[in-house]
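In the numbering used here, the protein residues as written are 1 to 691. Yeah, the Cβ is synthetic: ideal placement off N, Cα and C, and Gly gets one too. The structure under discussion appears below in the form of structure tokens.
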């Protein structure tokens with residue numbers, strides 16, 4: 001789209017702004033303090049720029065008077081900067097993505113950057129400004145920016161209720177089951193998203209639709225309605241999956257979208273209309289609002305102080321955005337006065353934390369900001385009285401402590417027994433109670449059975465881990481002459497170069513196996529050794545040789561291990577006739593060999609065995625498909641420790657093992673594979689004694 005192309009073109013602005021130095025300007029200090037005010041004259045915002053400028057100017061006069069009364073001779077002024085959107089045919093918040101960043105750059109370049117920015121109300125513009133830190137450590141106060149993407153931003157303060165706070169209300173209200181008029185928890189909802197929402201409604205409904213919030217995570221059913229036709233169909237559908245519908249707008253919007261459609265008696269519509277004071281000024285309700293609960297903000301106290309507002313400005317104070325801009329200036333004045341009185345430095349980096357966890361005197365009364373700089377307020381839930389046909393207050397919800405305060409214990413609802421219905425159609429409290437008790441009994445029964453089974457399994461597993469029996473020797477058959485194969489492994493002692501050890505072979509379960517001599521063992525394994533051997537039996541992986549058990553033959557104990565026809569990896573590397581360089585033993589094959597070893601070790605390290613401890617090229621064997629498998633693992637408590645050229649120096653000193661030591665051994669093997677030479681080979685050192 002054109003917007004995306006423009007944003008890409010302006011992206012260098014983000015990086016150029018990140019390079020700005022965090023230094024004080026002449027607009028923030030030396031007894032002169034400036035507020036940069038960004039104004040948006042968009043149709044999706046309810047206030048015009050002239051009223052917002054008036055709010056800022058009136059608030060500046062009050063701040064200046066309060067500072068003079070405190071004996072502080074400083075000046076506080078504001079500069080106004082308009083969003084122009086010259087590149088777009090349609091003007092509005094969706095096209096403001098890049099403008100905020102460009103505007104702050106222009107303010108900086110012209111030397112007008114002050115102490116604080118009263119920023120854009122649009123989430124798109126604000127997000128870009130705070131996410132790439134284009135305002136550095138400068139406080140940004142927004143009367144808007146409702147979206148979740150602007151949550152928890154270090155430099156951002158929001159003076160109108162954000163979507164995060166609204167989601168908190170729905171989360172806690174859905175969980176309520178002990179209110180006089182709500183005796184069941186709700187776990188479902190329809191979300192009706194209108195196409196012509198205001199900026200606030202757009203982000204409120206987006207947040208309810210998002211799957212990452214606590215509210216959405218608690219819902220077992222959630223469906224989005226996007227057209228009036230879908231809404232009409234749902235409110236009269238007896239097969240609907242929820243009785244509760246959430247939407248944002250005004251009573252006129254609901255009337256327009258529903259028309260004269262009659263609703264099912266258990267339908268509950270929660271209408272979000274925060275910034276509308278008409279419910280309290282004229283509390284008469286309409287017929288189509290009988291099934292509706294209105295979530296709004298109660299009007300603030302009108303007991304203005306002598307220096308607050310004049311009576312002719314009372315109409316302007318009905319506009320929450322006007323009040324928000326007024327309060328934004330008062331907030332800065334409050335913090336400036338505090339810093340000057342305590343002789344604290346007044347600079348952007350020094351007082352950024354002052355905009356958190358604070359209560360100050362706003363134009364209509366105290367205003368509280370939480371630890372993330374978002375305003376806390378009291379939400380009101382209204383209902384329509386059936387006898388008097390007017391709005392009544394059902395409850396208040398405090399977003400600061402997430403507490404609900406009941407205002408009407410027996411509301412004159414349209415719903416049965418003066419209580420809100422269940423969110424699931426066709427259910428009631430008695431049905432839910434029976435279902436809860438039944439499910440609880442089933443869960444407890446299943447839990448008891450599971451615990452008994454688990455207990456038995458643990459006991460059997462413990463007995464099995466401590467028990468060990470050898471394979472009967474008669475099951476190990478000798479190989480016939482035709483099956484005998486020459487297999488040898490290099491011995492890594494002083495005679496490693498010259499001698500070979502013949503491995504004893506046999507046949508077990510119709511498979512050729514290797515019989516590994518467990519030296520220094522009479523077959524009476526300790527408990528630790530039995531557990532280790534049981535762990536080996538459980539390992540079955542493509543790049544690890546299979547361990548079948550132990551056998552006692554002629555008073556000697558052998559481990560019965562999978563046989564690999566081509567012998568050890570060391571044999572293959574030494575045999576340059578059968579496996580010539582450049583043809584068979586090319587780089588692709590070498591990498592494949594190293595990858596096989598890495599896969600086997602990775603599995604071994606993540607298994608209960610955890611460590612090899614004896615890894616070397618003679619303990620890597622090759623089967624007839626040229627797949628490399630690791631052997632001789634899991635015997636660290638049975639066989640004595642070895643001191644080989646593959647052993648890490650730390651383990652040579654202390655005779656222990658570790659996964660890091662295995663990595664060292666793997667590196668030595670990798671050198672052998674790459675060079676096809678013995679360990680620690682170097683072409684510049686021919687003298688074995690010096691080496």
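Return yes when the Cβ of residue 128 is within less than 7 Å of the Cβ of residue 100, no when it is not.
Closer than 7 Å, so yes.
Confirm, please, whether the CB-CB distance from residue 143 to residue 78 is below 7 Å.
For residue 78 and residue 143, no; Cβs fall outside 7 Å.
By Cβ distance below 7 Å, which residues in the same chain neighbour residue 135 in space, the five residues on each side in sequence not counted?
In this prediction, residue 135 has a pLDDT of 47, which is less than 50 and means its spatial position is unreliable; what the coordinates show is noted afterwards. Excluding the 5 residues flanking it on each side, residue 135 has same chain C-beta neighbours closer than 7 Å at 104, 117, 129, 155, in chain order.
Runs of alpha helix (DSSP H) wholly within the stretch 532-557 (minimum 4 residues, chain order):
Unbroken alpha helix (DSSP H) stretches of 4 residues or longer found wholly inside the stretch 532-557: none.
Within the stretch 119-184, note down every full beta strand (DSSP E) run reaching 3 residues or more, in order along the chain.
140-142, 156-158, all fully within the stretch 119-184.
In the stretch 36-73, which residue ranges form an unbroken alpha helix (DSSP H) of at least 4 residues, counting only runs that do not cross its ends?
Fully enclosed alpha helix (DSSP H) runs of 4 or longer: 49-69.
One or two residues paired with residue 620 in a DSSP bridge
Beta-bridge pairing links residue 620 to 630.
Let me check understanding here. Comparing Cα to Cα, which of 612, 413, 512, 602 lies closest to residue 266?
Comparing Cα-Cα distances from residue 266 to each of 612, 413, 512, 602, the minimum goes to 413.
Element boundaries [beta strand (DSSP E), containing residue 296]:
Per DSSP, residue 296 belongs to the beta strand (DSSP E) from 292-296.
Label residue 656 either buried or exposed according to how many other C-beta atoms from any shown protein chain fall within 10 Å of its C-beta, with 16 as the threshold for buried.
That one is exposed.
So, with DSSP's three-state summary, where would you put residue 711?
Absent from the structure is residue 711, since the part of the chain shown begins at 1 and ends at 691.
Please report the straight-line C-alpha distance between residue 392 and residue 383, rounded to a whole angstrom.
For residue 392 and residue 383, the distance between alpha carbons rounds to 5 Å.
Near residue 668, what residues of its chain come up, given a Cβ to Cβ distance below 6 Å and the 5 sequence neighbours on each side ignored?
The answer, listed in chain order, is 646, 679.
Taking the alpha carbon of residue 661 as the point to measure from, which residue in 670, 650, 124 has its own alpha carbon closest?
It is 650.
Buried or exposed for residue 302, going by 16 or more other Cβ atoms inside 10 Å?
Confidence is the limiting factor: at residue 302 the pLDDT is only 49, short of 50, which leaves the residue's position unreliable, though a coordinate-based value still follows. Burial call: exposed.
Close Cβ partners of residue 125 (< 7 Å) along its chain, the five nearest in sequence each way excluded
Once the five neighbours on either side are set aside, the close Cβ partners of residue 125 are 96, 97, 99, 100.
Meets three-Cβ-pair contact criterion under 8 Å: the stretch 579-598 and the stretch 549-556
In short, these stretches do not touch, since the Cβ pair count stays below three.
Taking residue 355 as the reference, give the member of 157, 255, 528, 65 with the closest Cα.
For the residues 157, 255, 528, 65, the minimum Cα distance to residue 355 belongs to 157.
Integer Cβ distance of residue 381 from residue 295, believed to fall under 8 Å:
With a contact defined as Cβ atoms closer than 8 Å, residue 381 and residue 295 qualify at about 6 Å.
Every unbroken alpha helix (DSSP H) within the stretch 636-686, with a cutoff of 4 residues, ordered by chain
The DSSP assignment places 649-654, 659-675 as complete runs of the alpha helix (DSSP H) inside the stretch 636-686, in order along the chain (cut-off: 4 residues).
Three-state secondary structure (DSSP) of residue 562:
The three-state secondary structure of residue 562, taken from DSSP, is strand.
Under 8 Å: do the stretch 252-272 and the stretch 283-295 share three or more Cβ pairs, one atom per stretch?
In this structure the stretch 252-272 lies against the stretch 283-295, because at least three pairs of beta carbons, one per stretch, are closer than 8 Å.
For the stretch 393-413 against the stretch 239-256, are there 3 or more C-beta pairs whose distance is under 8 Å?
A contact between stretches requires three or more CB pairs, one per stretch, nearer than 8 Å, and the stretch 393-413 fails this requirement with the stretch 239-256.
Ignore the nearest five residues each way along the sequence and tell me which others in residue 613's own chain have a CB closer than 6 Å to its CB.
Contacts found: 636, 657.
Considering Cα atoms alone, identify which of 63, 33, 52, 56 is closest to residue 360.
Residue 360 has its Cα closest to that of 63, out of 63, 33, 52, 56.
Taking only the alpha-carbon atoms, compute the straight-line gap between residue 204 and residue 319 and give it to the nearest angstrom.
Roughly 19 Å separates the two Cα atoms.
For residue 702, collect the residues of the same chain with a Cβ closer than 6 Å to its Cβ; drop the 5 residues on either side in sequence, then sort them by chain order.
Any property of residue 702 remains undetermined from this structure, which presents the chain solely from 1 to 691.
Less than 7 Å between the C-beta atoms of residue 535 and residue 608, yes or no?
Against a cut-off of 7 Å, the Cβ pair of residue 608 and residue 535 comes out as a contact.
Just to confirm, are residue 770 and residue 569 a CB contact at a threshold of 7 Å?
This structure leaves residue 770 out entirely; the chain is present only between 1 and 691.
Within 10 angstroms of the Cβ of residue 110, are there 16 or more other Cβ atoms? Answer buried if so, exposed if not.
By the neighbour-count rule (16 or more Cβ atoms within 10 Å), residue 110 is not buried but exposed.
Apart from the five residues just before and just after residue 617, which ones in its own chain have a Cβ nearer than 6 Å to its Cβ?
Within the same chain, residue 617 has close Cβ partners 569, 570, 669, 672.
Return yes when the Cβ of residue 228 is within less than 7 Å of the Cβ of residue 257, no when it is not.
Here residue 257 is near residue 228, since their CB atoms are less than 7 Å apart.
Residue burial classification, residue 591 (beta-carbon count within 10 angstroms, cutoff 16):
By the 10 Å Cβ count, residue 591 comes out exposed.
Label residue 69 either buried or exposed according to how many other C-beta atoms from any shown protein chain fall within 10 Å of its C-beta, with 16 as the threshold for buried.
So residue 69 counts as exposed.
Going by DSSP, what residues sit across from residue 381 in a beta bridge?
Note: residue 381 sits in a beta bridge opposite 295, 395.
Between residue 58 and residue 201, what straight-line distance do the alpha-carbon atoms span, to the nearest angstrom?
Each residue's CA atom was taken as its position, placing residue 58 and residue 201 some 29 Å apart.
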